[in-house]
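The structure appears right after this line, and notes come after that.
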Amino acid sequence: MFCGESATKQNQEGQPVCRDHAEQPPKNVECPDCGLPMKLKEGQYGFFWGCEGYPQCQKTFQIQDLTDRED
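Numbering (our numbering), first residue to last: 1 to 71.
Written as structure tokens, this is what we have:
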């Protein structure tokens, strides 16, 4: 649901999204390594998807990587 535009709002789970996607349901992303949910996190270089199992699982995706895999 992330289109690469600047995040100006938050969805129902508090994830930052652009205004066009703010009303859509949150995206459920499962970690391909351990199966736990991926959560949108903010790092020093912007937002990214990180595994909820961190630090045991350190799988991450750039937002664009998951946008390209949209249904």
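Cβ atoms here follow ideal geometry from the backbone N, Cα and C, with glycine treated the same way. The model shown is predicted, which means the values in this text are computed figures rather than measured ones.
For Lys59, there is no enclosing beta strand (DSSP E), as DSSP marks it with neither H nor E. Its Cα nearest to that of Ile63, the residue Glu42 stands out among Leu36, Glu42, Gly53. Membership of Leu40 in the beta strand (DSSP E) is indicated by the continuous run 38 to 43. Cβ contact annotation for Phe48 (same chain, cutoff 7 angstroms, sequence separation greater than five): Lys41, Thr60, Phe61, Gln62, Ile63, in chain order.
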